[in-house]
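Peer 1: Residue numbers (this note's numbering): 1178 to 1832. Cβ atoms here follow ideal geometry from the backbone N, Cα and C, with glycine treated the same way. Below is the structure I would like to discuss, written out as structure tokens.
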Ligand SMILES: [Zn+2]
């Protein structure tokens, strides 16, 4: 596998063309107190994420477009636009969004890697999308083609805006806005943005006080509208987003859709994560936007409460959310089964979007702890190392029989509902966006990835170079190069996993304390570090070439779950740094479901270059249920299911 990968990667030029796109700096202002450093200004030179992003660019994006071509998603636009004869093809009312999401990912990719062929191909797609748009701005191919039929039994046929709880018309619009903004920022072209704005103008004419009072069944138009607001400064879009959120749970104007769609009570009164997990996290992201951009304290209070509920009662150790296959939804508090865990890949991606916004709002590292946990575990598990097969649900245990992945025991190339593969495509190229941020002249180093970045703060411009073997090693070297000597603050996140808690709350705890100390040096001088909101802050006069060295000890740690999580009683999970481990059949001589990891068994880490694109495995002498000796080899959770179906477990027996 490794050799194949190397062969593939040699076919493409390794040096990414690094272009600074000023628009991303000027227009991509988050509107939050804290501004992220755009991925266009952060060039990764690591082996972990660069490979993933390159695989996404060279394999997953073309693969996704090909699927959309073959399965009629692109023909649907041409047909709705009168460019082609025929009926709607597809089984879902939101197949349009797969095309939008791949355009979004491809645009992020174009922003850092010039590819004129891809750019032209996307322009061709935009022509078809524009043709499918009705004169007044309406755009939803299945409705335009024939409103009297339906692609899915659970959607009622009917005129536009009929059955909005299920029709996904507004969901289609939301993904279009997100994609159009990404395309505009990446290429400076307005061809797609103009389509989105024409549609958004129809939405603002149609919905709102004194007009239609319904809300979308599946959220995302809220964050999409806010992105349109951020690039156009047209406040109507921001107000429209807030209206859709304010109107949720308000029975005056529409029949409530219930908790499945988070439409059971007004969002400002919600305090528990319920219902369909992807809908939920997209909505919480929108709520964080309203709290951050409009400075709305009631939204802030609500979204804080919901976040507390998730991290302390509904979060998997992998950062996955949404426990139940039934309706793809959150379970009750502490309902976190392993074999039947759902953890949709889209929900993990939404959880990252949400936690990033929570950080931009509050400036606390605990949100990045959740983001990082999800990024390295429950999110990347969703796509294979080769980039062409996917998990929709991400279970934490497999018995080799229960077909958890939509009728499969392993990753599948595509699904009738292909939300997850296309969400992976749009998310992966944006990973460098999460590494740095700043507030005024204060810099935040949130993630540890070998990279070079150019940062423009209020009065300070600087270049930062990071060197690390993270996530396999906790040594991080950061070289600070300000344009001229300046006094400013560098806030370095000390991850929760390196302290007492891998995530906030009491859902997970370490079995034993770790006595090895975190160390921090500046130009070889050891610093005492003070923790403030999960960061250690260094304020000094910085000069070119100043070196910060951080050492985060990475022993293998045993984690226990809260006793109320029934499925994890008498069980232990193994983590090392940000990585969650699992035992898989292929590496172990006995059933991993029968394996017992005594509390005193020594577990060691070992780098295996030959395995799964290069991973640190953890090993130890353990036993089976009858006390017979056995050897444990555990691999990173994200890398499981590359060697055929079989048993796997994250939570292993303790006794
Ligand atoms: Zn999905």
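1. Taking the alpha-carbon positions, what's the residue 1621 to residue 1668 distance?
2. Using a Cβ-based criterion (distance less than 7 Å to any ligand heavy atom), does residue 1522 qualify as near ligand 1?
3. Please classify residue 1197: does DSSP put it in a helix, a strand, or coil?
4. Just to confirm, does residue 1392 get its C-beta within under 7 Å of one of the non-hydrogen atoms of ligand 1?
5. CB residue 1507 to CB residue 1498, shorter than 8 Å?
6. Go through its chain and collect everything with a Cβ distance to residue 1607's Cβ below 7 Å, but skip five positions before and after it.
7. Tell me, which residues are paired with residue 1643 by DSSP?
8. What is the DSSP secondary structure of residue 1203, counted as helix, strand or coil?
9. Helix or strand or just coil, what does DSSP make of residue 1460?
10. Excluding five sequence neighbours on each side, which residues of the same chain lie with their C-beta closer than 8 Å to the C-beta of residue 1565?
11. Shortest alpha-carbon distance to residue 1645 belongs to which of 1737, 1627 and 1659?
12. Rounding to the nearest angstrom, what Cα-Cα distance links residue 1812 and residue 1794 in this structure?
13. Assign residue 1246 to one of two classes, buried (16 or more other C-beta atoms within 10 Å of its C-beta) or exposed (fewer than that).
14. Does the distance from the C-beta atom of residue 1483 to that of residue 1448 stay below 8 Å?
15. Curious, which full-length beta strand (DSSP E) runs of at least 3 residues does the segment 1305 to 1347 contain?
16. For my contact list, residue 1266 and residue 1252 are in at a C-beta cut-off of 8 Å; report their separation, rounded to the angstrom.
17. Hey, residue 1593 and residue 1269: beta-carbon distance below 8 Å or not?
18. Going straight from the alpha carbon of residue 1487 to that of residue 1453, what length do you get?
19. Check the C-beta distance from residue 1756 over to residue 1609 and give it rounded, since I have them as a contact under 8 Å.
20. Whose C-alpha, out of 1349, 1320 and 1255, is nearest the C-alpha of residue 1277?
21. State the DSSP-derived secondary structure class of residue 1391, mapped to helix, strand or coil.
22. Ignore the nearest five residues each way along the sequence and tell me which others in residue 1367's own chain have a CB closer than 8 Å to its CB.
23. Could you tell me the distance, in whole angstroms, from the CA atom of residue 1195 to the CA atom of residue 1515?
24. Report buried or exposed for residue 1520, applying the criterion of at least 16 other Cβ atoms within 10 angstroms of its Cβ.
25. Should residue 1708 go down as buried or exposed, given a rule of 16 or more other Cβ atoms within 10 Å for buried?
26. Quick check on DSSP: helix, strand or coil for residue 1254?
27. According to DSSP, is residue 1621 part of a helix, a strand, or is it coil?
28. Alpha carbon to alpha carbon, what distance is there between residue 1259 and residue 1643?
29. Tell whether a beta-carbon distance below 8 Å holds between residue 1824 and residue 1561.
30. Considering only their Cβ atoms, is the gap separating residue 1534 from residue 1428 smaller than 8 Å?
31. Hey, would you say residue 1315 sits closer than 8 Å to residue 1379, going by beta carbons?
32. Use the C-beta contact count for residue 1664: other C-beta atoms within 10 angstroms, 16 or more gives buried, fewer gives exposed.
33. Taking only heavy atoms of ligand 1 into account, decide whether any of them is closer than 7 Å to the Cβ of residue 1600.
34. Taking the continuous beta strand (DSSP E) assigned at residue 1613, which residues delimit it?
35. What residues in its chain sit with their C-beta under 7 Å from that of residue 1208, if we drop five residues either side in the sequence?
36. Which partner residues of residue 1795 appear in the DSSP bridge assignment?
Peer 2: On the basis of the coordinates in this document:
1. One C-alpha to the other measures close to 5 Å.
2. Using a cutoff of 7 Å, the CB of residue 1522 counts as near ligand 1, since one of the ligand's heavy atoms is closer than that.
3. Caution applies to residue 1197, whose pLDDT of 37 falls short of 50 and renders its modelled position unreliable; the value that the coordinates give is listed next. It is coil, neither helix nor strand.
4. Relative to the non-hydrogen atoms of ligand 1, the Cβ of residue 1392 never comes closer than 7 Å to any of them.
5. Yes. Within cutoff.
6. Once the five neighbours on either side are set aside, the close Cβ partners of residue 1607 are 1216 and 1285.
7. Paired residue(s): 1628 and 1655.
8. Caution applies to residue 1203, whose pLDDT of 38 falls short of 50 and renders its modelled position unreliable; the value that the coordinates give is listed next. Residue state, collapsed to three classes: helix.
9. The three-state secondary structure of residue 1460, taken from DSSP, is helix.
10. When the five nearest sequence neighbours on each side are left out, the beta carbons in the same chain lying within less than 8 Å of the beta carbon of residue 1565 are those of 1236, 1237, 1240 and 1590, in order along the chain.
11. Ranking the options by Cα distance to residue 1645, first place goes to 1627.
12. Here the C-alpha atom of residue 1812 lies approximately 5 Å from the C-alpha atom of residue 1794.
13. With fewer than 16 other Cβ atoms within 10 Å, it is exposed.
14. Yes.
15. If only uninterrupted beta strand (DSSP E) runs of at least 3 residues are considered, none is enclosed by the segment 1305 to 1347.
16. With 8 Å as the limit, residue 1266 and residue 1252 qualify as a contact, their Cβ atoms being about 6 Å apart.
17. In contact: residue 1593 and residue 1269 (Cβ atoms closer than 8 Å).
18. So the two alpha carbons sit approximately 14 Å from each other.
19. That belief does not hold up - the Cβ atoms of residue 1756 and residue 1609 are roughly 20 Å apart, past 8 Å.
20. Residue 1349 is the option with its Cα nearest to residue 1277.
21. The answer is coil: DSSP assigns residue 1391 none of H, G, I, E or B.
22. Sequence-distant Cβ neighbours of residue 1367 in its own chain, meaning closer than 8 Å and more than five residues away, are 1361.
23. Any reading at residue 1195 must be qualified, since the residue scores a pLDDT of 36, below 50, and its modelled position is unreliable; the value itself is stated next. Straight-line Cα distance between these residues: approximately 42 Å.
24. So residue 1520 ends up on the buried side.
25. Here residue 1708 is exposed, its C-beta having fewer than 16 other C-beta atoms within 10 Å.
26. Here residue 1254 sits in helix by DSSP.
27. DSSP places residue 1621 in strand when its eight states are reduced to three.
28. Going from the Cα of residue 1643 to the Cα of residue 1259 covers about 52 Å.
29. At least 8 Å separates the beta-carbon of residue 1824 from that of residue 1561.
30. Residue 1534 is positioned such that its CB atom lies no closer than 8 Å to that of residue 1428.
31. Cβ atoms of residue 1315 and residue 1379: closer than 8 Å.
32. When all chains shown are included, residue 1664 counts as exposed.
33. Distances between the C-beta of residue 1600 and the heavy atoms of ligand 1 include at least one below 7 Å.
34. Start and end: 1613 to 1616.
35. Excluding residues up to 5 positions away in sequence, 1407, 1469 and 1470 lie with their Cβ nearer than 7 Å to the Cβ of residue 1208 in the same chain.
36. Bridge partners of residue 1795: 1782 and 1811.
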